[in-house]
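In order, the protein sequence lines correspond to chains A and B. The opening residue of the first sequence carries number 0 in numbering that gives the first Met the number 0; numbering runs sequentially from there. The opening residue of the second sequence carries number 0 in numbering that gives the first Met the number 0; numbering runs sequentially from there. Quick reminder that beta carbons are idealized off the backbone N, C-alpha and C, glycines included.
Protein chains: 2
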Amino acid sequence: MDGMTRGTGRGETETAILEATYRALCEYGYAQLSVQHIAENFEKSKSAIYYHYDSKDDVLLSLLDFVVETFFEDLEAETGTDPVENLRLLVDRLVPASLVEEDLDLHTVMFELRSEALTKPVYRTKFTEVDRTVCQIVESYVRTAIDSGVVTGVDPEQTARRIQQHALSAQTARLTTEDDWAVETARDAAFELLDVPQD
Amino acid sequence: MDGMTRGTGRGETETAILEATYRALCEYGYAQLSVQHIAENFEKSKSAIYYHYDSKDDVLLSLLDFVVETFFEDLEAETGTDPVENLRLLVDRLVPASLVEEDLDLHTVMFELRSEALTKPVYRTKFTEVDRTVCQIVESYVRTAIDSGVVTGVDPEQTARRIQQHALSAQTARLTTEDDWAVETARDAAFELLDVPQD
DNA sequence: GTCTATAGAAAGATAGAC
DNA sequence: GTCTATCTTTCTATAGAC
Numbered sequence: 000m001d002g003m004t005r006g007t008g009r010g011e012t013e014t015a016i017l018e019a020t021y022r023a024l025c026e027y028g029y030a031q032l033s034v035q036h037i038a039e040n041f042e043k044s045k046s047a048i049y050y051h052y053d054s055k056d057d058v059l060l061s062l063l064d065f066v067v068e069t070f071f072e073d074l075e076a077e078t079g080t081d082p083v084e085n086l087r088l089l090v091d092r093l094v095p096a097s098l099v100e101e102d103l104d105l106h107t108v109m110f111e112l113r114s115e116a117l118t119k120p121v122y123r124t125k126f127t128e129v130d131r132t133v134c135q136i137v138e139s140y141v142r143t144a145i146d147s148g149v150v151t152g153v154d155p156e157q158t159a160r161r162i163q164q165h166a167l168s169a170q171t172a173r174l175t176t177e178d179d180w181a182v183e184t185a186r187d188a189a190f191e192l193l194d195v196p197q198d
Numbered sequence: 000m001d002g003m004t005r006g007t008g009r010g011e012t013e014t015a016i017l018e019a020t021y022r023a024l025c026e027y028g029y030a031q032l033s034v035q036h037i038a039e040n041f042e043k044s045k046s047a048i049y050y051h052y053d054s055k056d057d058v059l060l061s062l063l064d065f066v067v068e069t070f071f072e073d074l075e076a077e078t079g080t081d082p083v084e085n086l087r088l089l090v091d092r093l094v095p096a097s098l099v100e101e102d103l104d105l106h107t108v109m110f111e112l113r114s115e116a117l118t119k120p121v122y123r124t125k126f127t128e129v130d131r132t133v134c135q136i137v138e139s140y141v142r143t144a145i146d147s148g149v150v151t152g153v154d155p156e157q158t159a160r161r162i163q164q165h166a167l168s169a170q171t172a173r174l175t176t177e178d179d180w181a182v183e184t185a186r187d188a189a190f191e192l193l194d195v196p197q198d
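This is the structure in structure tokens:
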């Protein structure tokens, strides 16, 4: 039994293909990505990819699910007992001041796939769900903080939506411009909404 | 002399090619775009495109300039005399509640090109400049409103940056999800920053 | 399941006539 | 400047051996 693939309906080879696609997508971007590029990041041959997936589109749709799973696993990892601290950590993960390479790659792949939502309804539906789920997670954390009495005077739903939006704009700016003040601006705004200091 | 091309260094045919590329980009998206698709939206042949441009990349880089010019022309159009009203109109153009098809296409093309900034430094540099310029424009409008005494208690630079970020997140959400509350959230937040009612 | 080899289509780009 | 025709490369996907 492979720990990485348990319960996802993906075997080891499928996972290896998706990881190769992930790396190739970081390197080339969606527009320049070919099955050959995927194969170069994969220990087996190009044909093996077609044995496990019907088409290039099929691989990329599976990658979408794979990446979204990873994103939410990272987002909800290690929760403590202090509601305000948990909220702070959540916002910090949603709008990180800086990214280690691993997280930068995840954001890059997410954004590359998101950009396909402009022309492909399946992608659009998926990212609608992603953004809704982010809002729901933030909202639940805000509600817990309110119930504990430490955070007051905020509307959980509106606050969650605004934080999600700040995360989205920070991500877009970080990945598509050279300026990093956008991330700081978004972080400041997000923490201001909660009347919670950043550290 | 053609009014549309004056001072841009583009002839009629170059402009027609860029307009065709614009339409093809809306229809197919950057990843699926081919020179053939451009030619299908163009009255002349594929070879004519190569006579006027060195390569597909060359066409798309020219489109980038073309689209950015159009964006800023639209943004700074028709200024009135009331500083607060001008500011309201500016924010309304940056974060429109809804888009007519023409503006939706412009935003779509801008976003398709922006997504290339992840892998292409030239695009990244351009969008860095775009976002900076948007901030500068908003900042100048805010300063004018402050000088007139109607808007008070805001830092022009920070406010401008936040408004630009709200515009970016609204655009991303509008183009990549099915939910439209994101746009309302961004608009509300932007107008709140100025303590100016939306209408 | 994985390989090599290749079919078949589409891509970017050019040649040469007009 | 624009055309048709074509070159060359690259792409997606498959065939058939192992």
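Measuring straight from C-alpha to C-alpha, what distance separates residue i and residue j?
{"i": "T7(B)", "j": "Y52(B)", "result": "16 Å"}
{"i": "C25(B)", "j": "T143(A)", "result": "43 Å"}
{"i": "T107(A)", "j": "D81(B)", "result": "43 Å"}
{"i": "I37(A)", "j": "Y29(A)", "result": "11 Å"}
{"i": "F35(A)", "j": "K45(A)", "result": "Going by the sequence as given, residue 35(A) is Gln instead of Phe. Using only the alpha carbons, I get a separation of about 7 Å."}
{"i": "V182(B)", "j": "S54(A)", "result": "35 Å"}
{"i": "F70(A)", "j": "T12(B)", "result": "46 Å"}
{"i": "T158(B)", "j": "L192(B)", "result": "7 Å"}
{"i": "V67(B)", "j": "F41(B)", "result": "21 Å"}
{"i": "D56(A)", "j": "L86(B)", "result": "45 Å"}
{"i": "M0(A)", "j": "D73(A)", "result": "Per-residue confidence for M0(A) stands at a pLDDT of 48, beneath the threshold of 50, marking its modelled position as unreliable; the derived number appears in the next sentence. Going from the Cα of M0(A) to the Cα of D73(A) covers about 23 Å."}
{"i": "P95(A)", "j": "A166(A)", "result": "9 Å"}
{"i": "V137(B)", "j": "I162(B)", "result": "8 Å"}
{"i": "T118(A)", "j": "G152(B)", "result": "43 Å"}
{"i": "A23(A)", "j": "R160(A)", "result": "32 Å"}
{"i": "Y49(A)", "j": "S33(A)", "result": "13 Å"}
{"i": "A169(A)", "j": "Q164(B)", "result": "8 Å"}
{"i": "R113(B)", "j": "L93(B)", "result": "16 Å"}
{"i": "E75(B)", "j": "S139(B)", "result": "12 Å"}
{"i": "D194(B)", "j": "Q197(A)", "result": "25 Å"}
{"i": "A47(A)", "j": "E115(A)", "result": "25 Å"}
{"i": "G79(A)", "j": "S97(B)", "result": "42 Å"}
{"i": "D154(A)", "j": "W180(B)", "result": "15 Å"}
{"i": "K43(B)", "j": "Y27(B)", "result": "20 Å"}
{"i": "S61(A)", "j": "V99(A)", "result": "25 Å"}
{"i": "Q31(A)", "j": "Q31(B)", "result": "10 Å"}
Can you tell me which of the options puts its alpha carbon nearest to the alpha carbon of residue i?
{"i": "E77(B)", "options": "L88(B), Q163(B) and V67(B)", "result": "L88(B)"}
{"i": "E39(B)", "options": "A15(B), D56(B) and E156(B)", "result": "A15(B)"}
{"i": "Y63(A)", "options": "Q164(A), V99(A), F110(A) and L98(A)", "result": "The residue asked about is misnamed: residue 63(A) is Leu in this sequence, not Tyr. The shortest C-alpha separation from L63(A) is found at F110(A)."}
{"i": "R9(B)", "options": "K43(B), Q31(B), F65(B) and A23(B)", "result": "F65(B)"}
{"i": "L59(A)", "options": "R5(A), Y122(A), V153(A) and V90(A)", "result": "Y122(A)"}
{"i": "T132(B)", "options": "L117(B), E115(B), E156(B) and T118(B)", "result": "E156(B)"}
{"i": "V90(A)", "options": "I48(A), C134(A) and D179(A)", "result": "C134(A)"}
{"i": "D178(A)", "options": "D194(B), Q31(B) and P120(B)", "result": "P120(B)"}
{"i": "E84(A)", "options": "R5(A), V141(A), W180(A) and D154(A)", "result": "V141(A)"}
Inset, instruction - Identify each residue in the region 157–181 of chain A for which the Cβ-Cβ distance to at least one residue of chain B is less than 9 Å, and report them in chain order. - result: So the close ones are Q157, R160, R161, Q163, Q164, H165, A166, L167, S168, A169, Q170, T171, A172, L174, T175, T176, E177, D178, W180 and A181.
Legend entry - the region 176–187 of chain A touching the region 6–24 of chain B, judged by at least three CB pairs closer than 8 Å: no
Inset, instruction - Decide yes or no for the touch test of the region 165–177 of chain A against the region 94–103 of chain A: beta carbon pairs closer than 8 Å, at least 3 of them. - result: yes
Legend entry - Residues of the region 52–67 of chain B whose Cβ lies closer than 9 Å to any Cβ of chain A, in chain order: none
Legend entry - Touch test, the region 134–154 of chain A against the region 126–143 of chain B, Cβ-Cβ under 8 Å, three pairs minimum: No, they do not touch.
Inset, instruction - Jot down the residue ranges of each uninterrupted alpha helix (DSSP H) in the region 100–164 of chain B, minimum 4 residues, whole runs only, in chain order. - result: 100–114 and 120–146
Legend entry - Within 8 Å of chain B by C-beta, residues of the region 4–16 of chain A in sequence order: none
Inset, instruction - Please specify which runs of the beta strand (DSSP E), each continuous and at least 3 residues long, are wholly inside the region 23–47 of chain B, giving them in chain order. - result: none
Legend entry - chain A contacts from the region 106–118 of chain B (Cβ-Cβ distance under 9 Å): T107, F110, E111, R113, S114, E115, A116, L117 and T118
Inset, instruction - With 7 Å as the limit, tell me which residues of the region 68–89 of chain A have their beta carbon closer than that to any beta carbon of chain B; keep them in chain order. - result: none
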